[in-house]
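J.:
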Amino acid sequence: MEITPLGDSAVLIRVVENFDDAPDDALTQVLATKRALEAAQIPGLVELAPAYTVVALFYDPVRAIDAGASVQNVFEWIEQRIRRALSEMEEIQANRIEGSLVEIPVCYEAEFALDLEHVARHAGVHWKEVVDLHCAAEYRVHCVGFTPGFPFLGGLSRKIATPRRDVPRKEIPAGSVAIGGMQTGIYPIKSPGGWNVIGRTPRQLFDSQKDPPALLRAGDRVRFRSITREEFERSTM
Amino acid sequence: MNATAVRAGFLTSVQDLGRTGFREFGVSLGGALDAHALRVANLLAGNEESAAGLEITFGGLRLRFADDRIVVWAGGNFDARIGSTSLPAGHPALVRAGDEFSIDSPAGGCRAWLAISGGIDVPAVLGSRSGDLRAGFGGVKGRPVRDGEEFPVGENMPRAKVLIEKLRTEKIARWKPPHDWSSTARRAPVLRYLDGADSGRFVESALQLFNHEGFFVSPDSDRMGIRLDGPRLERSQDVDLLSEAVAPGTVQVPPSGKPILLLNDCQTIGGYPKIAHVITVDLPIAAQLCPGDRVRFSKVAIRDAHALLHERERNLEQFRRGLEPHFS
Numbered sequence: 463m464e465i466t467p468l469g470d471s472a473v474l475i476r477v478v479e480n481f482d483d484a485p486d487d488a489l490t491q492v493l494a495t496k497r498a499l500e501a502a503q504i505p506g507l508v509e510l511a512p513a514y515t516v517v518a519l520f521y522d523p524v525r526a527i528d529a530g531a532s533v534q535n536v537f538e539w540i541e542q543r544i545r546r547a548l549s550e551m552e553e554i555q556a557n558r559i560e561g562s563l564v565e566i567p568v569c570y571e572a573e574f575a576l577d578l579e580h581v582a583r584h585a586g587v588h589w590k591e592v593v594d595l596h597c598a599a600e601y602r603v604h605c606v607g608f609t610p611g612f613p614f615l616g617g618l619s620r621k622i623a624t625p626r627r628d629v630p631r632k633e634i635p636a637g638s639v640a641i642g643g644m645q646t647g648i649y650p651i652k653s654p655g656g657w658n659v660i661g662r663t664p665r666q667l668f669d670s671q672k673d674p675p676a677l678l679r680a681g682d683r684v685r686f687r688s689i690t691r692e693e694f695e696r697s698t699m
Numbered sequence: 190m191n192a193t194a195v196r197a198g199f200l201t202s203v204q205d206l207g208r209t210g211f212r213e214f215g216v217s218l219g220g221a222l223d224a225h226a227l228r229v230a231n232l233l234a235g236n237e238e239s240a241a242g243l244e245i246t247f248g249g250l251r252l253r254f255a256d257d258r259i260v261v262w263a264g265g266n267f268d269a270r271i272g273s274t275s276l277p278a279g280h281p282a283l284v285r286a287g288d289e290f291s292i293d294s295p296a297g298g299c300r301a302w303l304a305i306s307g308g309i310d311v312p313a314v315l316g317s318r319s320g321d322l323r324a325g326f327g328g329v330k331g332r333p334v335r336d337g338e339e340f341p342v343g344e345n346m347p348r349a350k351v352l353i354e355k356l357r358t359e360k361i362a363r364w365k366p367p368h369d370w371s372s373t374a375r376r377a378p379v380l381r382y383l384d385g386a387d388s389g390r391f392v393e394s395a396l397q398l399f400n401h402e403g404f405f406v407s408p409d410s411d412r413m414g415i416r417l418d419g420p421r422l423e424r425s426q427d428v429d430l431l432s433e434a435v436a437p438g439t440v441q442v443p444p445s446g447k448p449i450l451l452l453n454d455c456q457t458i459g460g461y462p463k464i465a466h467v468i469t470v471d472l473p474i475a476a477q478l479c480p481g482d483r484v485r486f487s488k489v490a491i492r493d494a495h496a497l498l499h500e501r502e503r504n505l506e507q508f509r510r511g512l513e514p515h516f517s
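Residue numbers (our numbering), protein chains in the order written: chain A, 463 to 699; chain B, 190 to 517.
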């Protein structure tokens with residue numbers, strides 16, 4: 463397992479080498495690693511952030527030194543504690559790492575689905591089939607980022623995978639559901655973006671007044687359900 | 190009590206030491222781009238060092254007070270005043286009800302931090318009062334301070350009250366703080382860095398160029414990052430990476446070959462290869478870089494970065510102890 467400094471106050475822990483071969487397995491191992499590090503109570507630990515194949519560990523070097531690390535070897539000291547915590551890690555039980563299942567209602571009507579026709583043309587299918595395929599799969603959150611609460615979802619049908627737009631849009635409305643390459647995701651707040659927008663959800667993905675502030679976290683499972691314009695309006699009231 | 194920004198200036202926002210614990214949800218660290226300057230200013234104002242203050246970009250702020258407060262500023266080469274009296278950086282000063290603090294456009298650097306005794310008392314959101322201007326929460330309604338805006342200031346701590354009484358006559362402290370504040374603005378600075386987590390993904394000549402050549406700060410720089418113009422940094426493989434964590438100080442290189450030095454409001458994850466990480470103690474100097482400024486980078490070892498950080502922390506502890514007589 464590779465542990466690399468990300469500057470002087472964080473390290474990247476590469477848990478698995480390859481993502482594409484077994485994305486679900488990568489996710490399970492990354493989450494198990496995060497959990498083991500949380501339990502290890504490493505002095506100076508600030509926070510942990512998982513993404514795809516890597517767990518980032520942020521630390522305060524001064525607190526590590528106060529806890530006994532030599533000024534000359536803070537990184538090695540942290541690295542040793544990480545390796546120790548992970549060597550004592552229990553056998554991974556995938557069923558204990560499964561996140562919760564969240565259903566996301568999406569209105570795929572033309573007004574919200576700026577690029578649905580483009581995705582359909584790219585796939586060579588009718589737009590209704592794009593919607594069916596998008597709703598048929600169960601997805602997993604591999605990472606949350608880009609903007610607060612933005613979930614990167616794996617599990618998209620290869621048939622409707624569509625490359626990102628050459629020129630990103632300056633503004634994508636909050637709630638937009640989109641496809642970027644092999645992934646799908648949801649824009650929680652109005653932001654620029656280069657993914658192909660195929661619908662909009664009335665659900666709020668990020669709320670700074672809540673703890674946790676994001677609806678989804680890495681490991682959660684997601685399903686999309688097609689709703690009508692009327693249902694969309696009702697749920698935003 | 191409130192303070193009123195009669196003029197808000199170019200870009201003024203509420204910042205404290207930032208927001209930790211929510212990176213896994215995509216929430217940026219945020220906070221003062223020079224957290225050290227804000228800590229020093231807070232200590233001199235009789236605050237907890239984590240109290241929220243104002244981050245002032247390119248000056249232009251005029252602030253009026255409704256009651257007695259200690260104010261202290263630190264940062265680049267600014268000309269600040271209380272009424273018509275000049276106020277040097279790092280000196281506690283008493284402002285009375287109706288007094289106005291003003292700060293002009295800087296002769297060097299671009300940012301200053303203002304601590305007000307009692308701290309700015311906007312509600313904490315996700316554990317911090319910092320305004321996240323990109324995501325639109327925290328600070329003053331998630332946006333920069335506007336002309337004429339009033340915002341709440343907390344109650345003076347007992348130690349601030351002691352200092353207020355001591356400054357009744359002289360107004361601006363004549364005593365020297367344990368260390369004088371010297372401007373963090375530098376002409377053509379050299380920022381020290383550690384090898385990037387992806388330095389193996391660049392051709393050798395790109396790594397050498399980065400370690401010697403000058404880069405220029407591009408105008409489309411902000412609290413998210415400083416975009417740099419200069420020699421193109423060639424990657425050895427043209428594959429994009431899966432997104433993984435980035436942090437303030439990370440220097441990432443998009444396909445254009447033009448590096449971006451990330452600052453506090455950067456995204457929590459990024460997919461561009463990381464060529465370098467500017468060390469924490471040099472980020473305050475980066476925070477003063479203005480469009481058109483020239484900057485160079487120089488590689489150091491991680492143990493040097495930690496030793497410098499540890500030394501700075503010890504100095505701050507001494508500074509804190511040296512201040513005690515003025516607050517009792």
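For glycine and all other residues, C-beta sits at the position ideal for the given N, C-alpha and C.
For a contact defined as C-beta to C-beta under 8 angstroms, what are the partners of E338/B on chain A?
T.: The premise fails here: E338/B is roughly 20 angstroms from chain A at the closest Cβ pair, so nothing lies under 8 angstroms.
J.: Rounded to whole angstroms, what is the Cα-Cα separation between K365/B and R503/B?
T.: 19 angstroms
J.: Kindly indicate which three-state DSSP category V581/A falls into: helix, strand or coil?
T.: In this structure, V581/A counts as helix in the three-state DSSP scheme.
J.: Please list the residues of the segment 424-442 of chain B that have a C-beta atom closer than 7 angstroms to any C-beta atom in chain A, keeping them in chain order.
T.: Taken in chain order, the members of the segment 424-442 of chain B whose beta-carbon sits within less than 7 angstroms of a beta-carbon on chain A are L431, S432, E433, A434, A436, G438 and T439.
J.: I'd like to check one pair, V533/A with H499/B: are the Cβ atoms closer than 7 angstroms?
T.: yes
J.: What's the gap between the Cα of S549/A and the Cα of L499/A?
T.: Roughly 11 angstroms between the two C-alpha positions.
J.: Tell me where the alpha helix (DSSP H) around R510/B begins and ends.
T.: I491 to L512
J.: Here's the rule: buried if 16 or more other CB atoms are within 10 angstroms of the residue's CB, otherwise exposed. What is V379/B?
T.: By the neighbour-count rule (16 or more Cβ atoms within 10 Å), V379/B is not buried but exposed.
J.: Using 7 angstroms as the threshold, is the C-beta distance between K463/B and A386/B below it?
T.: yes
J.: List, in chain order, every chain B residue whose beta-carbon is nearer than 7 angstroms to that of T515/A.
T.: Going along chain B in sequence order, the residues near T515/A (Cβ under 7 angstroms) are L431.
J.: I'd like the ranges of any beta strand (DSSP E) spanning at least 3 consecutive residues and lying wholly in the segment 193-271 of chain B.
T.: 200-204, 242-246, 250-254, 258-266 and 269-271
J.: If you run the structure through DSSP and keep just helix, strand and coil, what is W589/A?
T.: If DSSP states are grouped into helix, strand and coil, W589/A belongs with the helices.
J.: What does a CB cutoff of less than 6 angstroms around E541/A pick up in its chain, not counting 5 residues either side in sequence?
T.: I465
J.: DSSP three-state label for D522/A, please.
T.: coil
J.: Buried or exposed for K672/A, going by 16 or more other Cβ atoms inside 10 Å?
T.: exposed
J.: Along the alpha helix (DSSP H) that carries F694/A, what are the first and last residues, could you check?
T.: R691 to T698
J.: So what does DSSP say about I474/B, is it helix, strand or coil?
T.: helix
J.: Does the beta carbon of L677/A sit closer than 7 angstroms to a beta carbon anywhere in chain B?
T.: no
J.: Near G325/B, which residues of its chain fall below 8 angstroms by C-beta distance, leaving aside the five closest residues on each side in sequence?
T.: G331 and R332
J.: Report buried or exposed for L252/B, applying the criterion of at least 16 other Cβ atoms within 10 angstroms of its Cβ.
T.: It counts as buried.
J.: For A221/B, collect the residues of the same chain with a Cβ closer than 6 angstroms to its Cβ; drop the 5 residues on either side in sequence, then sort them by chain order.
T.: Q204, L227, E244 and W302
J.: Would you say Q645/A faces chain B, with C-beta separation under 7 angstroms as the test?
T.: no
J.: Measure from the alpha carbon of A582/A to the alpha carbon of each residue in P654/A, A623/A, E560/A and G617/A, then state which is nearest.
T.: A623/A
J.: Give a yes or no on whether the minimum CB-CB distance between F608/A and chain B is below 7 angstroms.
T.: yes
J.: Looking at chain A, which residues of the segment 219-232 of chain B have a Cβ within less than 7 angstroms of any of its Cβ atoms?
T.: Close to chain A, meaning a Cβ-Cβ distance shorter than 7 angstroms, is no residue of the segment 219-232 of chain B at all.
J.: Leaving aside the five residues before and after F267/B along the sequence, list all residues of the same chain whose C-beta is less than 7 angstroms from its C-beta, in chain order.
T.: G248, I292, D293, P295 and A301
J.: With a Cβ-Cβ cutoff of 7 angstroms, do V470/B and L451/B count as a contact?
T.: no
J.: If you compare alpha carbons, which of F399/B, W370/B, R376/B and A374/B is closest to D384/B?
T.: It is F399/B.
J.: Just tell me which of G506/A, P512/A and P467/A has its CA closest to the CA of D682/A.
T.: P512/A
J.: A472/A by DSSP, collapsed to three states: which one?
T.: In the three-state DSSP reduction, A472/A falls in the strand class (E or B).
J.: Count Cβ pairs between the segment 606-623 of chain A and the segment 568-579 of chain A that sit closer than 8 angstroms; are there 3 or more?
T.: Here the segment 606-623 of chain A makes no contact with the segment 568-579 of chain A; the two share fewer than three CB pairs at distances below 8 angstroms.
J.: So H596/A packs on F686/A, CB below 8 angstroms; how close in whole Å?
T.: 6 angstroms
J.: Is R416/B near S317/B, with beta carbons less than 7 angstroms apart?
T.: no
J.: For a cutoff of 7 angstroms on Cβ pairs, would you count R492/B as touching chain A?
T.: By this cut-off, R492/B is an interface position.
J.: Using the rule of at least 16 other Cβ atoms within 10 Å of the residue's Cβ for burial, across every protein chain shown, is T439/B buried or exposed?
T.: With 16 or more neighbouring CB atoms inside 10 Å of its own CB, T439/B falls in the buried class.
J.: When the Cα atoms are used, what is the spatial distance from G586/A to V592/A?
T.: In this structure, the straight-line span from the alpha carbon of G586/A to that of V592/A is close to 10 angstroms.
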